[in-house]
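If you're matching them up, the sequences are chains A and B in order. According to my numbering, the first sequence is numbered sequentially starting from 1. According to my numbering, the second sequence is numbered sequentially starting from 410. Even glycine gets a Cβ: it sits at the ideal position worked out from N, Cα and C. These numbers were taken from a predicted model, which means no experiment stands behind them. Before any comments, here is the structure.
Number of protein chains: 2
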Amino acid sequence: MLIVQKYGGTSVANTERIKAVARRVVRTADEGHRVVVVVSAMAGETDNLIRLAHEVSPNPGEREMDLLLSSGERVTTALTAMAVQALGKKAIALTGRQMGIITEPVHTKARIERIEADRAKRALDEGYIVVVAGFQGITESDEVTTLGRGGSDLTAVAIAAALKADLCEIYTDVDGVYTTDPNIVPEARKLDKISYEEMLELASLGAKVLQTRSVEFAMKYNVPVVVRSSFNDNPGTLVTKEDKEMEKVVVSGVAYDKNQSKITIKAVPDRPGIAARLFKAIADANIVVDMIVQNVSSDGRATDISFTVAKTDSNKALSITEAIARELGASGVDLREDIAKVSIVGVGMRTHSGVAAKMFETLARHGINIMAISTSEIKVSCLIEAKYTELAVRVLHDAFELAKAEGEK
Amino acid sequence: MLIVQKYGGTSVANTERIKAVARRVVRTADEGHRVVVVVSAMAGETDNLIRLAHEVSPNPGEREMDLLLSSGERVTTALTAMAVQALGKKAIALTGRQMGIITEPVHTKARIERIEADRAKRALDEGYIVVVAGFQGITESDEVTTLGRGGSDLTAVAIAAALKADLCEIYTDVDGVYTTDPNIVPEARKLDKISYEEMLELASLGAKVLQTRSVEFAMKYNVPVVVRSSFNDNPGTLVTKEDKEMEKVVVSGVAYDKNQSKITIKAVPDRPGIAARLFKAIADANIVVDMIVQNVSSDGRATDISFTVAKTDSNKALSITEAIARELGASGVDLREDIAKVSIVGVGMRTHSGVAAKMFETLARHGINIMAISTSEIKVSCLIEAKYTELAVRVLHDAFELAKAEGEK
Numbered sequence: 001m002l003i004v005q006k007y008g009g010t011s012v013a014n015t016e017r018i019k020a021v022a023r024r025v026v027r028t029a030d031e032g033h034r035v036v037v038v039v040s041a042m043a044g045e046t047d048n049l050i051r052l053a054h055e056v057s058p059n060p061g062e063r064e065m066d067l068l069l070s071s072g073e074r075v076t077t078a079l080t081a082m083a084v085q086a087l088g089k090k091a092i093a094l095t096g097r098q099m100g101i102i103t104e105p106v107h108t109k110a111r112i113e114r115i116e117a118d119r120a121k122r123a124l125d126e127g128y129i130v131v132v133a134g135f136q137g138i139t140e141s142d143e144v145t146t147l148g149r150g151g152s153d154l155t156a157v158a159i160a161a162a163l164k165a166d167l168c169e170i171y172t173d174v175d176g177v178y179t180t181d182p183n184i185v186p187e188a189r190k191l192d193k194i195s196y197e198e199m200l201e202l203a204s205l206g207a208k209v210l211q212t213r214s215v216e217f218a219m220k221y222n223v224p225v226v227v228r229s230s231f232n233d234n235p236g237t238l239v240t241k242e243d244k245e246m247e248k249v250v251v252s253g254v255a256y257d258k259n260q261s262k263i264t265i266k267a268v269p270d271r272p273g274i275a276a277r278l279f280k281a282i283a284d285a286n287i288v289v290d291m292i293v294q295n296v297s298s299d300g301r302a303t304d305i306s307f308t309v310a311k312t313d314s315n316k317a318l319s320i321t322e323a324i325a326r327e328l329g330a331s332g333v334d335l336r337e338d339i340a341k342v343s344i345v346g347v348g349m350r351t352h353s354g355v356a357a358k359m360f361e362t363l364a365r366h367g368i369n370i371m372a373i374s375t376s377e378i379k380v381s382c383l384i385e386a387k388y389t390e391l392a393v394r395v396l397h398d399a400f401e402l403a404k405a406e407g408e409k
Numbered sequence: 410m411l412i413v414q415k416y417g418g419t420s421v422a423n424t425e426r427i428k429a430v431a432r433r434v435v436r437t438a439d440e441g442h443r444v445v446v447v448v449s450a451m452a453g454e455t456d457n458l459i460r461l462a463h464e465v466s467p468n469p470g471e472r473e474m475d476l477l478l479s480s481g482e483r484v485t486t487a488l489t490a491m492a493v494q495a496l497g498k499k500a501i502a503l504t505g506r507q508m509g510i511i512t513e514p515v516h517t518k519a520r521i522e523r524i525e526a527d528r529a530k531r532a533l534d535e536g537y538i539v540v541v542a543g544f545q546g547i548t549e550s551d552e553v554t555t556l557g558r559g560g561s562d563l564t565a566v567a568i569a570a571a572l573k574a575d576l577c578e579i580y581t582d583v584d585g586v587y588t589t590d591p592n593i594v595p596e597a598r599k600l601d602k603i604s605y606e607e608m609l610e611l612a613s614l615g616a617k618v619l620q621t622r623s624v625e626f627a628m629k630y631n632v633p634v635v636v637r638s639s640f641n642d643n644p645g646t647l648v649t650k651e652d653k654e655m656e657k658v659v660v661s662g663v664a665y666d667k668n669q670s671k672i673t674i675k676a677v678p679d680r681p682g683i684a685a686r687l688f689k690a691i692a693d694a695n696i697v698v699d700m701i702v703q704n705v706s707s708d709g710r711a712t713d714i715s716f717t718v719a720k721t722d723s724n725k726a727l728s729i730t731e732a733i734a735r736e737l738g739a740s741g742v743d744l745r746e747d748i749a750k751v752s753i754v755g756v757g758m759r760t761h762s763g764v765a766a767k768m769f770e771t772l773a774r775h776g777i778n779i780m781a782i783s784t785s786e787i788k789v790s791c792l793i794e795a796k797y798t799e800l801a802v803r804v805l806h807d808a809f810e811l812a813k814a815e816g817e818k
């Protein structure tokens, strides 16, 4: 098999751990597999570099920021290749450029356009273990780019797709994907298998195991991904195409997200085009809106519009909304940061009814008020007061019997 | 003017110092000059990376070592460009590759083959301050290389030559080139001007201000180099072509080198080809021999051969010499590490006689025994016991009246 293994920052946090990574890589090669290894920067290093940048400039240029940040993966790539060589195997370290990772000409969050993997293929054919710097690429015009937070996952999945790898293993500091956050629900169960679609909902909802874009990429190119721990030999969670077996599971997991804010524009005169005007301005500022609720007032002449954005965007979104509120003659704008989104996810919802109702009923039974609801085919999300987050996660996990494996229910 | 400024590791040791560098760069630009800035890695960073490499591998691969080490300059280059931008100037950071520094395909100590400076020229024409990563280059086949210790000096001088710069300023933590080590002789005087040839002798003799290869390069392409401190505004020392004025100065400086060992092969039968056999074997091991002395024994049938090598090479040189001693039937091999080389340097020696005699006499008067002598047109070196080094430097500095400027003598 051709296996791509990605090791995150905690897995290469120091030279002892890098040597442990090398041993695992060599073990995989000794089992007869060809191996490509993708590494992140040492845990903390990227934050350290960002801190240095802010010490020299209040507003560091993005082009130079990419050059700066790309150095972190360069270090771990070289060290990991050296550690593999020290175990007697042929290994070659490749930067994003040497791996042929061509991105669009955008800094700090570039998308991969294509991978020119000839050099890596040649090295694999010559018996090398190929160690690649995650998170980075290069544009057609020779500029260094980075792929944004969690970008090393994307590097690994994209390389797996380009090389038609049999498996992409994402090594991290957790054993896999859980039915919910084990810090909140100790009985949370590790899933053996999950569909791309579910993983996508869980990832974008705040289960930080796999970067969202990398799951989309894996789904698009049908790359089987295993999420597992680099600190033990547990089998991890396979993220793959939806199959019959998965459809039997109504709810696979409960996710939560405390990183959102709710903005409400109050008593806007209810005319056509109001919402369009508002959300176009927000979108133009590159702010992603998640949930939207519109309540028409009792007399039908004015309306409240609420929406949620990432907390990091809330000040920017607030000032845009305030400007538009003045323009439209709304009575005011309100920002709430003490909110959270709780979601249940499962491909089985497509064929099972009554799931949303059970969720609402469970929250209501515990006195948790729902401020907004959004749904997709495989997900139901409720906006609640932040202080109820843990309670909501626990009671939902319990209501859908997630601690039990399918056979036990 | 077009000025290349190189800042060493202590000048960019932290973000405060990088901001000070940025202010100096901007001041130079504000004086109407076009500026290219070459930076080293932060002081200590290269050693830190080497330590990490040795933690993961007893014998790290050179290709991966170059990839690893090149990250250090990448960081300071990006930070320096950001700091210049923060002062309101256009600045662009270029890696060795982006600067077009093409080297031979040799790792850890590559020679620069040529510089494809089109991109840098374009940036300068567009009004950018160009910040370049020192110490690194790239081969024709896209491999990252480094230029060896002190390689950032070479980067700066080579860029100055390629861009036909008017001046190359090497900023370091000392004020310039002194008549000798001020730690040994407090009255040591800073030289205003020194010839390339003298600088070369001083540098290779252990005055660590400028890397030897960069002086050779500057001499070859006639690049005027100024060595000065980044911590004050003192004018520094100009390293330039020899001129009439310099020839008046008989001795410009006294240098010493404690990093050599002396190996003696004793009572070798005195046959033709013995020395050739020995020194070919040493050269084949890539060991540079400095001084050589051969004493024919009184009966004329056996000879002692002594030579000096860098201390780092002494074990390797010793075992080669021992093998050859057995082969040739010599009586034994002796290693002495408690030796030092003291030298006087000056272009004026070419036209003045009696300089060497005065040196020998001065050392003799202070009871310092000379073990070996080597001379060039502009230098006389004596091998002495290491414990006399400071004394020898002081008495020679005094004998040649180096504390006084030329006019005062």
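query, result
"For a contact defined as C-beta to C-beta under 8 Å, what are the partners of A:R74 on chain B?", "L476, L477, S479, S480 and R483"
"Which residue's Cα is closest to the Cα of B:E610: B:V754, B:E817 and B:V435?", "B:V754"
"Give the single residue among A:P60, A:R24 and A:I50 whose Cα lies nearest to the Cα of A:A83.", "A:R24"
"Going by beta-carbon coordinates alone, are A:G134 and A:I115 separated by less than 8 Å?", "no"
"Enumerate in chain order the residues of its own chain whose CB-to-CB distance from A:E169 is below 6 Å, with the five nearest sequence positions on each side excluded.", "Q5 and V226"
"Between B:T649, B:K671, B:Y605 and B:V583, which lies nearest to B:D642 when the distance is taken from Cα to Cα?", "B:V583"
"Check whether the Cβ of A:M82 lies closer than 8 Å to any Cβ atom in chain B.", "yes"
"Give me the DSSP bridge partner(s) of A:Y388.", "Note: A:Y388 sits in no beta bridge, so no partner."
"Starting from A:T180, trace the alpha helix (DSSP H) both ways and give me its first and last residue.", "Here A:T180 belongs to no alpha helix (DSSP H), and DSSP marks it neither H nor E."
"Evaluate the contact criterion for the stretch 351-359 of chain A versus the stretch 327-341 of chain A: three or more CB pairs, one atom per stretch, below 8 Å.", "no"
"Between the beta-carbon of A:T321 and the beta-carbon of A:I287, is there less than 8 Å?", "no"
"Tell me where the beta strand (DSSP E) around A:Y128 begins and ends.", "Neither: A:Y128 is in no beta strand (DSSP E) and is coded neither H nor E."
"Whose C-alpha, out of A:L87, A:L68, A:R326 and A:G32, is nearest the C-alpha of A:V21?", "A:L87"
"Please list the residues of the stretch 33-64 of chain A that have a C-beta atom closer than 8 Å to any C-beta atom in chain B, keeping them in chain order.", "L49, L52, A53, E55, V56, S57, P58, N59, P60, G61, R63 and E64"
"Measure the C-alpha to C-alpha separation of A:E55 and B:K499 and round it to an integer number of angstroms.", "19 Å"
"By the 7 Å beta-carbon criterion, what residues does the stretch 539-570 of chain B contribute toward chain A?", "D551"
"May I ask which residues mark the beginning and end of the alpha helix (DSSP H) holding B:T455?", "E454 to V465"
"As an exercise, report each continuous beta strand (DSSP E) stretch of at least 3 residues that is fully enclosed by the stretch 286-370 of chain A, in chain order.", "289-296, 302-310, 332-336 and 339-345"
"Just to make sure I have the definition right: I need the residues of chain A whose C-beta is within less than 7 Å of the C-beta of B:K428. Which are they?", "V56"
"Would you say A:Q98 faces chain B, with C-beta separation under 8 Å as the test?", "yes"
"Looking at A:I305 and A:A275, is the spacing between their C-beta atoms short of 8 Å?", "yes"
"Give me the Cβ distance between A:H366 and A:L402, rounded to the nearest whole Å; I'm assuming they're in contact under 8 Å.", "About 17 Å separates the two Cβ atoms, so there is no contact after all."
"Name, please, each residue of chain A whose Cβ falls closer than 7 Å to the Cβ of B:T841.", "In the structure as shown, chain B starts at 410 and stops at 818, and residue 841 of chain B therefore has no counterpart that could be examined."
"Using a beta-carbon distance below 8 Å, is B:Q494 in contact with chain A?", "yes"
"Considering only the alpha carbon of each residue, which of A:K244, A:N259, A:G236 and A:S71 lies closest to B:E454?", "A:S71"
"State buried or exposed for A:Y221, treating a residue as buried only when at least 16 other CB atoms are found within 10 Å of its CB.", "exposed"
"Tell me, please, which residues DSSP counts as bridged to B:P678.", "B:A711"
"Could you check what DSSP says for B:Q507 in three-state terms: helix, strand or coil?", "coil"
"Just the C-alpha distance for A:T80 and B:G546, rounded to the nearest angstrom, thanks.", "22 Å"
"Nearest to A:G127 by CA position, among A:I373, A:L2, A:K316 and A:T312, is which residue?", "A:L2"
"Suppose you measure from the CA of A:D257 to the CA of A:T103; what does that come to, to the nearest Å?", "30 Å"
"Less than 8 Å between the C-beta atoms of A:V215 and A:V251, yes or no?", "no"
"With DSSP run on the structure shown, which of helix, strand or coil describes B:Q620?", "coil"
"With B:V702 and B:V718 assumed to form a contact (beta carbons below 8 Å), what rounded beta-carbon distance in angstroms separates them?", "13 Å between Cβ atoms; not a contact."
"Using DSSP bridges, identify the partner residues of A:A372.", "A:L383"
"Going by beta carbon distance, what residues of the same chain come within less than 7 Å of B:A749, once the five residues before and after it are set aside?", "Y665, D666, K667, I793, A795 and T798"
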